[in-house]
Amino acid sequence: MVGSAGKTPAKLRAFVPSLPVSILSSTYEAGDFFDEMVGDDGQVRPHYRRLTERLATLPEAEFAQRRAAVDLAFLSRGVTFTVYGDNEGTERIFPFDLIPRIIPNSEWKGIEAGLAQRITALNLFLHDIYHEQKILADKVVPASLVLGAKNFRREFMNFNVPKGIYVHICGTDLIRDRDGRYLVLEDNLRCPSGASYMIENRAAMRRAFPNLFQSYRVRQVEGYADALLKSLLYLAPSRRDSHPNVVLLTPGVYNSAYFEHCFLARQMGIPIVEGRDLFVRDNRVYMRTTAGPVQVDVIYRRIDDDFLDPSVFRPDSMLGVPGLVNAYREGRVALANAIGTGVADDKVIYAYVPKIIKYYLDQEPMLPNVNTYLASEASDRKFILENISKLVVKSANEAGGYGMLIGPSATKDECDKFRAMVAANPRNFIAQDPISLSRSPTWCEGQLEGRHIDLRPYILYGEKIVVTPGGLTRVALRKGSLVVNSSQGGGSKDTWVLQGNE
Amino acid sequence: MPSVAPMFRPQSTVMLSRVAHSLYWMSRYIERAENIARLLEVNLQFLLDFQGIDDDSVKDHWGSIIASSGGGELFAQHYDVADSRSATSFLAFDLRNPSSILSCVYAARENARMVRDQISLEMWETINELYLFLKARNAAVVWAAGANEFFERIKQHSHLFQGLTDSTFSRSEGWEFIQFGKFLERADKTTRILDVKYHILLPNADDVGGALDTAQWQAVLRSASALEAYRRFYVREILSWKAAEFLIFSDTFPRSLHYCVAQVNDLLRRILGETGARPRSEAARISRRLFADLESRSIPDVLKQGLHEFLMEVQNALDRIGDEVVQTTMFYPVDTASDDHQQLQQQQQQQQ
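Chains as they are written, first to last, in my numbering: chain A, 1 to 502; chain B, 1 to 352.
This is the structure:
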């Protein structure tokens, strides 16, 4: 493949395909971003060669056909999510782009090690702050930030969680900067979602491009459900000689991720239950079945802490089980993830994670954070308020891309609003320099164009740490947009981690 | 790529009450939708065959079908006149009618969605596709395009769904609830198909056995997909009492009351663990008595009692069996008063 000649201006690099009728147009612009497919020299990266060769021979009409087939399959399989605020027909397909994101083994090794390091440190941190709180005594993290965090659960101080593990399932979002370095954008330690799409996307790619898939040696993601079940079984309190009973607790059919709940429960072969299917007696949790009550040992809960037990947390919760927390305290049932993990994925605590890694493991973080300013620190706060239109500002506890200001593209009113909020409640805000996220070729109305992406690998922490190779690559489908969340116009791609380097 | 040996997972052998409830209703609603589709299709055809039928007879005909479906009052509230169009609108598309084809398919799909993890992917896709198809249509379009294609689609999807259930659903407790719902619904629908004739004004003495009468009984048999089977059994002409006898007492035709109740009886044994000689539960008691009736009585007997009265008795028994089983096995607390609030809370759960 021949790239552009050396005289091409640095900002615009064109990729010239070998055939003009394919979906690769003659003007694929990498722009001033790290492009997954095309290097700074205009050459296609080695691990994308086979893909580009295949795409160059694929007529647009055929590509469009395969795409339509995939969409139809998703619709009839019901691979959907729900958007808040819709009246009727609340389900939507998660838009899927057929161009895979490819990661060579050499890159993945570093990511995997970095993620394992991070989750180990976070689990140690959580154990510490709910027990001796040494890290607070040593003033590595300000005590007020932890103790005053919205999701710090005072009631669980000195409580011994099963096997000492707090975070069993983690989804960490990674982005790449202009130089292609992987950075951690945030951790999701409460109810990370998207693993089902990762698996469904893989199935879709296999159907759409069987030969291409085979020509690359792509590492499997289908082992996720098995690994997840294993790590849940690991937590079961020992009880007689029966098989441990693991269930998935869902809020219900109206939750945005209901499809995923069913999918994972089915893949693992475990029952999916709602709060009303369970009751507690003698501090034991039971399911209501046609044959009478059946005891539950482990609950993979996809419900916020606040809604788990109306007798302890929010009394108006209709989704939880009265008495569940007591059963948990008595060690009669295990919960994954444990109660109280939210304090560690607080966006303000995020800024301290490199220090946390250093403190518990005496190691430098292998995956760096994005440079973060803390509004709770006086000097940072001044900087944020003065430069808000140039920064990305985030509220400490929102998810889904809400509660966020992207300064460079915001209106003056929006900036003013956020400035006021930050000044009023500095503990609740952080700011970051806008990172020019990497871009990946994405099919956009007839041709390939670069779109910003991130990566969410899934890490399971049980008897062993299992990092599923790949994860969900989310793509901001709107031109120029940096927001990848499904609820705000994002889509996804299949992520191919290769056995080798090409 | 090395293949990974699948880990053996002990399949959960318990059935949540709520799940049993959803499987049961999913099955009932699909059977119901298919029955209504067939009923409508046959009767539309019947009326076409009988050109020159005067208005009153037509009105009677549709009126009787609507009445036997149990929707008489509701229909009268929303429609002035019972003709092909209004009957089709009411029985197929009207969401205000909880037993319209659309309502049934929507409800079946909603129940299926609630137990997505229990049913096979193919089962889900089938019912989801039917739902999406119906959502996209409206009555006027279907009517213009030719109602037959529409009914065919319903029947085909229903048969496909039942076939897929047969071939992809493990013969576990869930299976029993599905079959129980199906046969209970089917028995009920057969009584209503038979009852159509009652609601048509009693024919004049001259008309009994005449072309119209025969054609109407033919339509009854067709509505139960029973015409060919009937002809193989009774080689000669269609007589009203023979048609009724066939649909009530045949022990080999899968839509007859006898056959359906035999299945219900058998399933109750398994669902409720009723293996003893004497019934322990109310549901089993009613079911065994009903079955005993169907085993021992005869058509002259039924006609002496009155066909309509007999059918009402059977319907009541079926209703009570259903209610009792739901109470015993599928009971779970449902706080219907605060559905909206619950829905909001479900939506609020952050999935990161």
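For every residue, glycine included, the Cβ atom is placed at its ideal position computed from N, Cα and C.
Residue i at chain A interface by Cβ criterion, 8 Å
| i | result |
| --- | --- |
| L95 of chain B | no |
| M15 of chain B | yes |
| H159 of chain B | no |
| H308 of chain B | no |
| T165 of chain B | no |
| E282 of chain B | no |
| H61 of chain B | no |
| Q345 of chain B | yes |
| E173 of chain B | yes |
| T353 of chain B | The structure shown does not extend to residue 353 of chain B, since chain B is modelled only from 1 through 352, so no value can be given for it. |
| E185 of chain B | no |
Whole-angstrom distance between residue j and residue i, CA atom to CA atom
| i | j | result |
| --- | --- | --- |
| D86 of chain A | Q117 of chain A | Unreliable placement is indicated for D86 of chain A, whose pLDDT of 45 sits below 50; the coordinate value is still reported in the next sentence. Taking the straight line joining both Cα atoms gives about 41 Å. |
| S170 of chain B | A61 of chain A | 42 Å |
| L201 of chain B | L132 of chain B | With a pLDDT of only 45 at L201 of chain B, under 50, the local geometry of the prediction cannot be trusted, and the value read off the model is given with reservation. L201 of chain B and L132 of chain B: Cα-Cα distance of roughly 40 Å. |
| Q347 of chain B | P300 of chain B | 60 Å |
| F63 of chain A | E53 of chain A | 14 Å |
| F214 of chain B | L239 of chain B | It is Thr, not Phe, that sits at residue 214 of chain B in the sequence shown. Roughly 7 Å between the two C-alpha positions. |
| V220 of chain B | Y300 of chain A | 53 Å |
| N43 of chain B | D117 of chain B | 38 Å |
| V70 of chain A | R280 of chain B | 53 Å |
| M123 of chain B | E110 of chain B | 13 Å |
| T270 of chain B | E176 of chain B | Just to set this straight, residue 270 of chain B is Arg in the shown sequence, not Thr. If you take the alpha carbons of R270 of chain B and E176 of chain B, they lie about 8 Å apart. |
| K230 of chain A | V273 of chain A | 19 Å |
| E282 of chain B | G491 of chain A | 54 Å |
| S273 of chain B | D339 of chain B | The sequence given here places Gly at residue 273 of chain B; Ser does not occur at that position. Each residue's alpha carbon lies about 34 Å from the other. |
| I406 of chain A | Y352 of chain A | 22 Å |
| W217 of chain B | K197 of chain B | 8 Å |
| P142 of chain A | Y166 of chain A | 21 Å |
| R231 of chain B | A257 of chain A | 54 Å |
| T411 of chain A | I453 of chain A | 24 Å |
| A144 of chain B | L48 of chain B | 16 Å |
| G89 of chain A | R85 of chain B | Any reading at G89 of chain A must be qualified, since the residue scores a pLDDT of 48, below 50, and its modelled position is unreliable; no value is offered. |
| P2 of chain B | V142 of chain B | Bear in mind that a pLDDT of 42 at P2 of chain B, under 50, signals an unreliable position, so the number given afterwards is only what the model happens to contain. Looking at the two C-alpha atoms, the distance is approximately 53 Å. |
Identity of the residue in the options nearest residue i by Cα
| i | options | result |
| --- | --- | --- |
| R101 of chain A | A:G39, A:K464, A:T473 and A:Q267 | A:T473 |
| S353 of chain B | B:I271, B:S296, B:E309 and B:A262 | Absent from the structure is residue 353 of chain B, since the part of chain B shown begins at 1 and ends at 352. |
| S27 of chain B | B:R232, B:V105 and B:L40 | B:V105 |
| S223 of chain B | B:Y24, B:L40 and B:D251 | B:L40 |
| V146 of chain A | A:R456, A:I356 and A:A208 | A:I356 |
| K109 of chain A | A:D494, A:T468 and A:R478 | A:T468 |
| G210 of chain B | B:E237, B:Y24 and B:G163 | B:E237 |
| S99 of chain B | B:S172, B:S68 and B:A284 | B:S68 |
| L391 of chain A | A:Q363, A:P365 and A:V422 | A:V422 |
| Y24 of chain B | B:F90, B:A108 and B:R38 | B:A108 |
Residue i at chain B interface by Cβ criterion, 8 Å
| i | result |
| --- | --- |
| N428 of chain A | no |
| L472 of chain A | no |
| I349 of chain A | no |
| F125 of chain A | no |
| C191 of chain A | yes |
| R266 of chain A | yes |
| N87 of chain A | Residue placement at N87 of chain A is poorly supported in this model, since its pLDDT is 44, which falls under 50; the coordinates still yield a value, given next. So no, N87 of chain A is outside the interface. |
| D32 of chain A | no |
| L319 of chain A | yes |
| A291 of chain A | yes |
| S76 of chain A | yes |
| G171 of chain A | yes |
Of all the residues that make up the segment 103 to 130 of chain B, which are near chain A by a beta-carbon distance shorter than 7 Å? R113, M114, R116, D117, L121, W124, E125, N128 and E129
Taking contact to mean at least 3 C-beta pairs separated by less than 8 Å, is the segment 124 to 144 of chain A in contact with the segment 158 to 175 of chain A? yes
Against chain B, which members of the segment 269 to 283 of chain A pass a CB distance test of less than 8 Å? G269, I270, P271, I272, V273, E274, R276 and D277
Would you call the segment 310 to 321 of chain A in contact with the segment 322 to 329 of chain B, where contact means no fewer than 3 C-beta pairs closer than 8 Å? no
When you check each C-beta in the segment 17 to 28 of chain B against every C-beta of chain A, which residues fall closer than 9 Å? S17, R18, V19 and A20
Any contact between the segment 238 to 258 of chain B and the segment 294 to 314 of chain B? By contact I mean 3 or more CB pairs, one from each, below 8 Å. yes
Proximal residues, the segment 252 to 283 of chain B versus chain A, C-beta separation under 7 Å: none
On the three-pair Cβ rule with 8 Å, is the segment 331 to 345 of chain A touching the segment 376 to 383 of chain A? no
Do the segment 14 to 24 of chain B and the segment 177 to 186 of chain B make contact, defined as three or more Cβ pairs closer than 8 Å? yes
Could you please tell me which residues of the segment 247 to 266 of chain A, in chain order, have their CB closer than 7 Å to any CB of chain B? P251, G252, V253, Y254, N255, S256, A257, C262, A265 and R266
Cβ-based contacts, 8 Å cut-off: residues of the segment 455 to 466 of chain A near chain B: none
Looking at C-beta atoms only, is the number of pairs between the segment 434 to 441 of chain A and the segment 164 to 183 of chain A that lie closer than 8 Å three or more? yes
By the 9 Å beta-carbon criterion, what residues does the segment 190 to 220 of chain A contribute toward chain B? R190, C191, P192, S193, G194, R217, V218, R219 and Q220
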